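Residue numbers (our numbering), protein chains in the order written: chain A, 1 to 596; chain B, 597 to 880; chain C, 881 to 1035. Just so you know, even glycine gets a beta-carbon here, dropped at the ideal spot from N, CA and C. The model shown is predicted, which means the values in this text are computed figures rather than measured ones. Okay, so here's the structure we're looking at.
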């Protein structure tokens, strides 16, 4: 088992950019399309979920109409594969982060099934689905044919449904069905968009569509539908519900869904088609919708103390930021979007895997229960803290992306206001979490930290790659992103590791050098000296023996309870969800409406 | 050349900060009909703290303090190197986050509550500052400080409301009433010294020095609103700081909920008005 | 140079923490009166800092009893040295009129070493200020007695 995983997991990483080949298997894809939709219909009927059944029936009808009436049973010109640097970056993310997650899943699933006391292992099914998922994602970013794209899109939908429902609990099934119907809605939007595009342009070649769509107002509606499909996949407001529900699945599934696959498919779709709607009202609409998601998901994250939910809202929020960049749609903004995709995938995979280890160890996913985790699992606590810092602080890549995003949004009033507020909210919910981890007054049952090497390795390598890739961001830009924008002047000039343009500069490498220097210096200086006295916390009275306790009345030792501010009066899920979803829905309608 | 400016800025900023803080304390005393401490009192305070017995409450606390100081120094250096405003602000935020983490490390209720409140303060001022910086970008077409110096009219004339918004952020950052919510200059109150409670001795001295740097940075940002003449810049800074001291003396501490609500609503409305005025007036 | 500044600063910036061990509040009121504009002890850099971890001077008023002596000890322990302790008023000095009560330990110096005694019932603000100034002289002595803080200067 392990050997095969090793092979399959790492094989795509070596995939060469010369993967250009045209294929003649369109017919089989058509059959498979219907089979896939039939399967979804079957699940809809089996679990008596009529929304899913209805949506899949609508898709079957639409597909049949397209294949037999529009195409008259024939084939459109097969467009084969297309691999530019965007695809390549996506492939690398999917394969590397995906494989690391699979490595992690090996010991994790063993522990997980041990915990559930299963008689027969269901791991083969789980891993088969993981690989199908990763494979479909790889195909999705490489294909150049809209129908093939749709096919891969639907496979990821189905895989996510099966993976979320893997544990077969009531909650898991319900959330899996939610994921299925929301993504089927996206699938329907995508298919409708494709049919409309074909009726206008008579081609399914993505590159041709992008180059011909410029300036064609009639194409804005189908492009808008594609964006909506992207929104559902990327769990944008108001479609965020499925991604939040997805965390009932075993952690590797969540890590995969949130970092490198699934949600990134939606983002990829929008970024890929961004040149087609550059400078249109649709583009502005995408920017506003994305920025709104960035803001509102960050606000919702503040109100959460459930660690996995915070991670989920943060994913939604960051994807919103990426989509906002795609909507702003300048060279600099697209660069920001791609950088954010890379760094978000790495940091988020890291955080989810850490979260999984912590949850298996302390048996809780509540942030408050992780207070002083450093005393309990020092290594994991350190890794997750650093992982959190890579999300919010310069000179790491996420912040570089955010900087680019705000710089490019500066001319765009509403987007800018939302990005500014969202950015501050983001700092709060991360810093709050990072802060309490490193204390050392863990209150739960104490057991020695034991993490198998196969689980530790992905964590360490993800952390290292987050740092190393952040450091090499200027080179990633110069060597990989820039080449995709042929014919335009570079948005940033790179010299001495400083990324600069007319409106600003970000000294990546110098800042990194300073940061490393400062960190080492501070580490050396803060080593307790011979004369350093360690004093307990100030408790305003007589402290007890243990940290955080005091001697109360009748000489009793009293514990003190501390909790972070979750501001549920401002940011509670109950308070915000309704308003946020309604606003987001209206924004999407306006976005589509504006393109008419 | 920029490197020389940056180095000079980093070296002289704390001394300027000491003088400003000393003047602040004397003026505050005079407002209360007291004589007040000597001008160099902040220097004495820091010197004394530096010489105290090293005492820490958590092993990573000095690390956090040093990183706070370093981030403040780097952001001041970037400021004097006339670099990117957003970058300066984000580097400054590193320090703010590490100060909070340092306070979170210790399970004292005062420190914890202070850290949480400090986060709310960050939450309150950060969007305002980003919007002000974006307003500057809207007007000058760049986030670089050098672009502001290239303008022939002071920013204040076109961004008056944004300056007021910036004043809110300034008050929060300087820990002045009514926004001295996470840690006040005077510690005889319910929160002891909030976010600073658990820093002591040399660690506290480092935090105080970093605060001096931050004061200089934030006043430096303030000075960008009048770049056409040195006299105008000095007058603007003096008036702004005087206004800060007056506000500090006449107002009480408020709750963080009030701060979040009132500052966001006023700040966002004021900046939106100013930005829309810029747009519609064809001034950009 | 740096050493000089630090040595000089140590007597120029006494931050104090005030602990009421069970005073009748007479001495407390007089102590706080020193901070009012009339006496304005901030002229000497004195601040009432309220946190033992930041303080250099511990001002204790009132009699020490069996219950609060632990608190007093703890506050003393939480102050980083060099530090001076000032006992204020008859009760702080010796237990005062409560001296013979069953629960009273006695003066502050029964629990922690006291550097300056300020008598009075209550002590006058002028006397308290004088006590603090006296304490600063002691602080200087303490400093000269202790070995020079070499690693402070090196860094």
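Tell me whether the beta-carbon of residue 147 of chain A lies closer than 9 Å to the beta-carbon of residue 127 of chain A. What you label residue 147 of chain A is simply residue 147 of the first chain in a count that begins at 1. What you label residue 127 of chain A is simply residue 127 of the first chain in a count that begins at 1. Not a contact, by the Cβ cut-off of 9 Å.
Relative to chain B, which residues along the stretch 506-520 of chain A have a C-beta separation below 8 Å, given in chain order? Going along the stretch 506-520 of chain A in chain order, one finds 506, 507, 511, 514, 518, 519 with a Cβ nearer than 8 Å to chain B.
Residues of its chain near residue 584 of chain A, where Cβ-Cβ distance is below 8 Å and the 5 sequence neighbours each way are ignored: By one-based count along the first chain, residue 584 of chain A stands at place 584. Closer than 8 Å at the Cβ level, and outside the excluded window around residue 584 of chain A, lie 236, 237, 238, 289, 292, 293, 296.
For my contact list, residue 553 of chain A and residue 687 of chain B are in at a C-beta cut-off of 8 Å; report their separation, rounded to the angstrom. Translated into positions along the first chain, residue 553 of chain A becomes position 553. Translated into positions along the second chain, residue 687 of chain B becomes position 91. That belief does not hold up - the Cβ atoms of residue 553 of chain A and residue 687 of chain B are roughly 49 Å apart, past 8 Å.
Same chain, Cβ closer than 7 Å to residue 211 of chain A, five either side skipped, listed in chain order: Mapped onto the first chain, residue 211 of chain A falls at position 211. For residue 211 of chain A, there are no CB contacts under 7 Å within the same chain when 5 residues up- and downstream are skipped.
Beta-carbon within less than 7 Å of residue 593 of chain A's beta-carbon, same chain only, minus the 5 sequence neighbours each way: which residues are those? Start at 1 with the first residue of the first chain, and residue 593 of chain A comes out as number 593. Correct list: empty, nothing qualifies.
Interfacial residues, the stretch 909-935 of chain C to chain B, with Cβ spacing under 7 Å: 917, 920, 922, 923, 925, 928, 929, 930, 931, 933, 934
Indicate whether the contact test is met: 3 or more Cβ pairs, each with one atom in the stretch 309-318 of chain A and one in the stretch 369-376 of chain A, closer than 8 Å. no
Run of the alpha helix (DSSP H) containing residue 868 of chain B, from where it starts to where it stops: Position 272 of the second chain, counted from the start, is the residue given in the question as residue 868 of chain B. Its alpha helix (DSSP H) spans residues 852-876.
Do residue 462 of chain A and residue 397 of chain A have their CB atoms nearer than 9 Å? The count along the first chain starts at 1 and reaches residue 462 of chain A at position 462. The count along the first chain starts at 1 and reaches residue 397 of chain A at position 397. Result no, Cβ atoms of residue 462 of chain A and residue 397 of chain A do not sit closer than 9 Å.
Does the stretch 216-228 of chain A come close enough to the stretch 181-189 of chain A to have 3 or more Cβ pairs within less than 8 Å? yes
Can you tell me whether residue 428 of chain A is buried or exposed? The criterion is at least 16 other CB atoms within 10 Å of its CB, across all chains shown. For the purposes of this step, residue 428 of chain A is identified with residue 428 of the first chain, where counting begins at 1. Label assigned to residue 428 of chain A: buried.
With DSSP run on the structure shown, which of helix, strand or coil describes residue 122 of chain A? Here residue 122 of chain A refers to the residue found at position 122 of the first chain. Note: residue 122 of chain A maps to coil in three-state DSSP.
Proximal residues of chain A, C-beta to C-beta of residue 949 of chain C below 7 Å: Counted from its first residue, the third chain places residue 949 of chain C at position 69. The contacting residues do not exist; residue 949 of chain C stays about 10 Å from chain A at best.
Just checking my contact of residue 792 of chain B with residue 803 of chain B at CB under 8 Å: how many whole Å lie between their CB atoms? For the purposes of this step, residue 792 of chain B is identified with residue 196 of the second chain, where counting begins at 1. For the purposes of this step, residue 803 of chain B is identified with residue 207 of the second chain, where counting begins at 1. The Cβ separation is near 6 Å, so the contact holds.
Determine whether the Cβ of residue 21 of chain A lies closer than 9 Å to any Cβ atom of chain B. Along the first chain, one-based indexing puts residue 21 of chain A at 21. Caution is warranted here: a pLDDT of 42 is assigned to residue 21 of chain A, below 50, making its placement in the model unreliable, and the coordinate value is therefore given only provisionally. Closer than 9 Å: no.
Check the C-beta distance from residue 929 of chain C over to residue 646 of chain B and give it rounded, since I have them as a contact under 8 Å. Here the question's residue 929 of chain C lines up with position 49 in the third chain. Here the question's residue 646 of chain B lines up with position 50 in the second chain. That belief does not hold up - the Cβ atoms of residue 929 of chain C and residue 646 of chain B are roughly 16 Å apart, past 8 Å.
At 4 residues or longer, and completely inside the stretch 819-856 of chain B: list those alpha helix (DSSP H) runs for me, N to C. Qualifying alpha helix (DSSP H) stretches, in chain order: 826-846.
In or out: residue 22 of chain A buried (at least 16 other Cβ within 10 Å) or exposed? For the purposes of this step, residue 22 of chain A is identified with residue 22 of the first chain, where counting begins at 1. Low confidence applies here, because residue 22 of chain A scores a pLDDT of 46, under 50, leaving its location unreliable; read the following figure in that light. Counting Cβ neighbours within 10 Å, residue 22 of chain A comes out exposed, since fewer than 16 surround it.
Under 9 Å Cβ-Cβ, which residues of chain A neighbour residue 890 of chain C? For the purposes of this step, residue 890 of chain C is taken as residue 10 along the third chain, with counting starting at 1. Within chain A, no residue has its beta carbon less than 9 Å from that of residue 890 of chain C; the closest one is some 17 Å off.
Can you tell me whether residue 1021 of chain C is buried or exposed? The criterion is at least 16 other CB atoms within 10 Å of its CB, across all chains shown. Taking the third chain and counting its residues from 1, one reaches residue 1021 of chain C at position 141. Label assigned to residue 1021 of chain C: exposed.
Which residue's Cα is closest to the Cα of residue 604 of chain B: B:621, B:644, B:672? Working through the second chain from its first residue, we reach residue 604 of chain B at position 8. Nearest of B:621, B:644, B:672 to residue 604 of chain B, Cα basis: B:672.
Assess contact between the stretch 195-206 of chain A and the stretch 565-579 of chain A, defined as three or more Cβ pairs (one per stretch) separated by less than 8 Å. Is contact present? no
Pull out every residue of the stretch 766-793 of chain B whose Cβ sits closer than 9 Å to any Cβ of chain A, in chain order. 788, 793
What number of angstroms, rounded off, separates the C-alpha of residue 512 of chain A from the C-alpha of residue 472 of chain A? Locating residue 512 of chain A in the first chain gives position 512, counting from the first residue. Locating residue 472 of chain A in the first chain gives position 472, counting from the first residue. Cα-Cα distance, rounded: 10 Å.
Same chain, Cβ closer than 6 Å to residue 707 of chain B, five either side skipped, listed in chain order: Stepping through the second chain from its first residue, residue 707 of chain B is reached at position 111. These residues qualify, in order along the chain: 699, 793, 794.
For residue 389 of chain A, the nearest candidate out of B:692, B:775, B:677 (CA to CA): Locating residue 389 of chain A in the first chain gives position 389, where the first residue counts as 1. Just measuring C-alpha positions, the residue of B:692, B:775, B:677 sitting nearest residue 389 of chain A is B:692.
Considering only residues of the same chain and omitting the five flanking positions on each side of residue 663 of chain B, which have a CB-CB separation below 6 Å? Taking the first residue of the second chain as position 1, residue 663 of chain B is located at position 67. For residue 663 of chain B, where only same-chain residues beyond five positions count, the Cβ hits under 6 Å are 694.
Could you give the distance in angstroms between the alpha-carbon of residue 937 of chain C and the alpha-carbon of residue 613 of chain B? The count along the third chain starts at 1 and reaches residue 937 of chain C at position 57. The count along the second chain starts at 1 and reaches residue 613 of chain B at position 17. Cα-Cα distance, rounded: 26 Å.
Locate the alpha helix (DSSP H) running through residue 691 of chain B, then write down its first and last residues. Residue 691 of chain B sits at position 95 when you count from the first residue of the second chain. Run containing residue 691 of chain B: 681-700, per the alpha helix (DSSP H) assignment.
Just curious, the beta strand (DSSP E) that residue 202 of chain A is in, first and last residue? Position 202 of the first chain, counted from the start, is the residue given in the question as residue 202 of chain A. Looking at the DSSP string, residue 202 of chain A is not in any beta strand (DSSP E), and its letter there is neither H nor E.
Nearest to residue 828 of chain B (by Cα), restricted to the options B:750, B:659, B:873: Position 232 of the second chain, counting from 1, holds the residue named residue 828 of chain B. Between residue 828 of chain B and the set B:750, B:659, B:873, the nearest pair of CA atoms involves B:750.
Using the beta-carbon of each residue, which ones in chain C are nearer than 8 Å to residue 610 of chain B? For the purposes of this step, residue 610 of chain B is identified with residue 14 of the second chain, where counting begins at 1. Residues of chain C passing the Cβ test: none, with the nearest at roughly 13 Å.
Taking only the alpha-carbon atoms, compute the straight-line gap between residue 269 of chain A and residue 790 of chain B and give it to the nearest angstrom. Here residue 269 of chain A refers to the residue found at position 269 of the first chain. Here residue 790 of chain B refers to the residue found at position 194 of the second chain. Computed Cα separation, rounded: 48 Å.
Please classify residue 97 of chain A as buried or exposed, where buried requires at least 16 neighbouring CB atoms within 10 angstroms. Position 97 of the first chain, counted from the start, is the residue given in the question as residue 97 of chain A. When all chains shown are included, residue 97 of chain A counts as buried.
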